[in-house]
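Chains as they are written, first to last, in this note's numbering: chain X, 10 to 492; chain G, 481 to 784. Scroll down for the structure; my scribbles are underneath it.
If you want it as structure tokens, here you go:
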């Protein structure tokens with residue numbers, strides 16, 4: 010990876026042309042996926058806000074089956090993961106694979122159509138969940154009609170990504186590509202195993218709980234986590250150190266330890282109705298993810314030479330910090346029985362989803378969107394609003410939920426008897442109110458980034474440049490070197 | 481690390497290993513479990529839920545109850561108790577009891593021989609319990625040690641024993657749950673056998689539990705004009721929650737099946753891997769109806 014220079018020798022000029030050519034090949038599918046994923050992000054925050062309000066004010070929106078907590082809560086989670094994070098993640102993966110391989114995107118029209126169907130699948134799935142048509146398994150609630158369309162689109166996009174990867178002109182591989190390749194294998198495997206053994210041909214009894222937990226853990230660490238780490242490995246060296254990674258061997262070590270330990274974790278805690286060895290293996294694997302965490306985080310931290318707090322870089326630094334916090338909290342929760350079955354898990358979920366994955370994806374979107382739309386590269390005020398609101402939202406929400414979860418855990422253990430469980434929940438209400446406050450901040454941040462990208466796309470579409478080969482004619486901003 | 485195929489193969493191999501470990505091996509162990517009759521019981525456990533309760537489970541799933549209610553009783557530890565069931569050699573047993581440090585030997589022997597088993601040791605380790613049992617048996621007495629599961633869930637009255645994989649064999653989809661924003665429901669059918677309570681609670685949980693944060697499921701009920709005679713199914717609501725005069729609230733089939741499901745939720749059968757020998761502690765009347773131990777095992781401890 011070489012940094013871009015301002016001199017425009019013929020070689021540099023042709024390089025910039027190549028980069029522009031690559032970017033424009035990804036423009037159509039990425040524009041659609043960024044727009045749709047950020048729209049889902051706003052929807053997700055709205056649903057999460059409604060769910061959160063209901064926990065302390067149960068009479069709000071009470072008499073509507075579509076808005077009951079048991080529908081809104083899973084809909085908010087699924088919208089975030091499948092509508093926003095997976096979609097934006099795979100869009101960014103396509104772009105990174107093109108840039109890293111120095112190759113145009115394979116079949117951009119098919120990718121655009123697949124992205125369209127992806128959103129149809131997610132919309133049907135969310136519609137089903139809100140209407141009460143759920144499979145009953147956490148993170149897998151989508152009814153078959155939604156999940157089949159969504160997964161078929163995923164397969165098309167994954168194949169396009171792999172063909173693009175195979176056609177790369179730079180043969181040498183970079184750590185981001187390892188993670189993307191692995192993630193593109195892990196996710197379909199996790200998803201088909203879980204759907205097959207839970208919905209199509211269900212296994213018996215408590216096995217369902219185990220597979221559900223195994224899928225949930227893989228979804229976070231292997232799929233979204235790998236996408237996040239791939240983004241960090243790409244952008245942190247590129248933006249802060251002229252493309253030089255601190256240590257390639259440390260990256261190799263971190264990658265393979267994740268591949269070895271990560272898939273054994275299954276989100277289990279002491280006391281679940283499963284044989285003890287399964288719970289122990291799962292907890293041990295969760296603790297062992299400390300090894301790839303330390304390797305990857307150290308590597309990226311040492312890479313970061315230039316000041317990392319300007320508007321284009323701060324996303325990735327923040328994401329790196331939250332990557333460490335999220336993984337440590339995840340380990341703490343696996344080891345600490347007091348937090349089992351409490352809202353503390355939601356706090357870790359938000360740190361992982363918004364803090365680590367979210368910030369990485371936001372930063373990548375703010376980096377890529379101007380390059381595919383030809384918009385101004387300067388940081389807008391909306392970027393600042395997004396950063397601050399997301400930050401405050403995460404701090405309020407996870408702080409409240411973590412402390413609240415510990416308090417809940419203690420009262421579940423030593424608190425009043427069952428008869429007084431309403432009293433116990435009332436003790437939790439101040440924390441639940443604070444978490445609503447945090448979600449309101451997250452919503453504002455989400456609207457800001459959606460507005461920012463929507464504005465870029467609108468300007469781009471008004472110049473009639475979003476489709477097909479016409480995009481080549483648009484003068485894109487210099488976008489750095491190909492790698 | 482410059483070959484895509486190498487990475488693919490490596491990731492494939494490591495993932496296959498975990499798939500064997502976390503999916504296939506557990507499936508071999510617990511996936512092949514079948515309902516079986518516990519010792520001393522002729523009916524296989526768990527039995528299939530009756531049809532109306534099975535329909536109610538679909539409502540439970542579709543309303544997303546699992547996002548706030550778990551169905552797992554967790555055991556944190558265990559202790560032993562020793563029961564004294566009478567003796568044929570009063571002299572020797574009195575000495576043995578004395579040696580064990582148990583006072584009032586004569587009354588205990590009289591009570592055990594005449595009326596009921598006597599609890600002589602509580603909260604002891606397996607070694608202590610076995611030693612006491614052996615000592616008493618050698619003295620010609622009949623004594624037995626009793627396994628007592630302990631934990632916050634047991635002391636709260638959420639269950640008599642821990643939940644194990646066997647309990648869920650007839651469940652699909654399993655609703656074990658990861659959140660306890662509401663109480664655990666493993667034994668709600670035993671704690672709250674009253675259908676009218678459940679219907680009121682579903683209609684508006686604040687009727688039955690002050691300060692409850694559970695959503696109101698009023699869309700599972702019909703509000704309709706009272707015809708020639710009030711419906712026998714109509715809810716009996718306190719005035720502040722009652723509909724306007726001339727109207728009544730009648731549960732829809734969804735509400736009725738859901739309540740049937742909730743009433744069917746109880747794990748009161750002792751299993752080999754989850755022994756349960758303690759009679760329920762009497763709970764405050766009206767708040768927690770103590771589980772009715774219908775399948776109570778042979779070694780219930782006497783009321784203390």
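Glycine is no exception: its CB is placed at the ideal position from the N, C-alpha and C atoms.
{"Item": "Distance between residue 650/G and residue 620/G (C-alpha atoms, nearest Å)", "Value": "46 Å"}
{"Item": "Limits of the beta strand (DSSP E) - the one that residue 613/G falls within", "Value": "Careful: residue 613/G lies outside any beta strand (DSSP E), inside the alpha helix (DSSP H) at 606-618."}
{"Item": "Contacts of residue 643/G in chain X (Cβ-Cβ under 8 Å)", "Value": "282"}
{"Item": "Minimum Cβ-Cβ distance from residue 26/X to chain G less than 8 Å", "Value": "no"}
{"Item": "Spatial distance of residue 233/X from residue 196/X (CA atoms)", "Value": "9 Å"}
{"Item": "Residues that DSSP places opposite residue 728/G in a beta bridge", "Value": "704/G"}
{"Item": "CB contact check: residue 492/X to chain G, cutoff 8 Å", "Value": "Summary for residue 492/X: the model assigns pLDDT 42, below 50, so the residue's position carries little reliability, and this model does not support an answer."}
{"Item": "Simplified DSSP assignment, three categories, for residue 566/G", "Value": "strand"}
{"Item": "Under the three-state DSSP convention, the category residue 146/X falls into", "Value": "coil"}
{"Item": "Of the residues 95/X, 352/X and 154/X, the one placed nearest residue 437/X, counting alpha carbons only", "Value": "352/X"}
{"Item": "Inter-stretch contact at 8 Å, needing at least 3 Cβ pairs: the region 104-111 of chain X / the region 567-577 of chain G", "Value": "no"}
{"Item": "Rounded straight-line distance, which links the Cα of residue 497/G to that of residue 245/X", "Value": "32 Å"}
{"Item": "Contact list for residue 690/G against chain X, beta-carbon separation under 7 Å", "Value": "431"}
{"Item": "Helix, strand or coil at residue 630/G according to DSSP, with G and I counted as helix", "Value": "strand"}
{"Item": "Other residues of its chain near residue 734/G: CB distance less than 6 Å, five sequence neighbours each side excluded", "Value": "539 and 700"}
{"Item": "Collapsed DSSP secondary structure at residue 77/X in the structure displayed", "Value": "coil"}
{"Item": "Stretch-stretch touch, CB-based, cutoff 8 Å, three pairs: the region 451-462 of chain X with the region 700-712 of chain G", "Value": "no"}
{"Item": "Length at least 4, wholly inside the region 360-400 of chain X: the alpha helix (DSSP H) runs in chain order", "Value": "368-382"}
{"Item": "Residue nearest to residue 636/G in terms of C-alpha spacing, selected from 612/G, 608/G, 665/G and 627/G", "Value": "665/G"}
{"Item": "Residue 624/G, DSSP secondary structure in three states", "Value": "strand"}
{"Item": "Residue 63/X at chain G interface by Cβ criterion, 8 Å", "Value": "yes"}
{"Item": "Proximity test, Cβ basis, 8 Å: residue 759/G and chain X", "Value": "Because the pLDDT of residue 759/G is 46, which lies under 50, any placement of that residue in the model is unreliable, and the number read from its coordinates should be weighed accordingly. No, residue 759/G does not count as interfacial toward chain X."}
{"Item": "Beta-bridge pairing of residue 525/G - partner residues as DSSP gives them", "Value": "516/G"}
{"Item": "Three CB pairs or more closer than 8 Å across the region 440-448 of chain X and the region 371-391 of chain X", "Value": "no"}
{"Item": "Within-8 Å CB hit, residue 295/X to chain G", "Value": "no"}
{"Item": "DSSP state of residue 447/G mapped onto helix, strand, coil", "Value": "Nothing about residue 447/G can be reported from this structure: the residues present for chain G run from 481 to 784 only."}
{"Item": "Coil, strand or helix - residue 656/G by DSSP", "Value": "coil"}
{"Item": "Own chain, CB closer than 6 Å to residue 552/G, minus 5 neighbours either side, in chain order", "Value": "643 and 656"}
{"Item": "Residue span of the alpha helix (DSSP H) that contains residue 224/X, given as start and end", "Value": "216-227"}
{"Item": "Residue 693/G in three-state terms, based on DSSP", "Value": "coil"}
{"Item": "Interface flag, residue 793/G vs chain X, CB-CB below 8 Å", "Value": "Nothing can be reported for residue 793/G: it is not among the residues displayed for chain G, which extend from 481 to 784."}
{"Item": "Spatial distance of residue 511/X from residue 159/X (CA atoms)", "Value": "Nothing can be reported for residue 511/X, as the shown portion of chain X is limited to 10 through 492."}
{"Item": "is_contact[residue 78/X, chain G] using C-beta, thresh 8 Å", "Value": "yes"}
{"Item": "Test: residue 781/G CB closer than 8 Å to a CB of chain X", "Value": "Reliability of the predicted coordinates at residue 781/G is poor, the pLDDT of 38 falling under 50, and no value is obtained from them."}
{"Item": "Closer than 8 Å to chain X by CB, residue 762/G", "Value": "Because the pLDDT at residue 762/G is just 37, under 50, the model does not fix this residue reliably, and the value given afterwards should be weighed accordingly. Cβ-Cβ to chain X under 8 Å: no for residue 762/G."}
{"Item": "Exposure label - residue 243/X; buried when at least 16 CB within 10 Å", "Value": "buried"}
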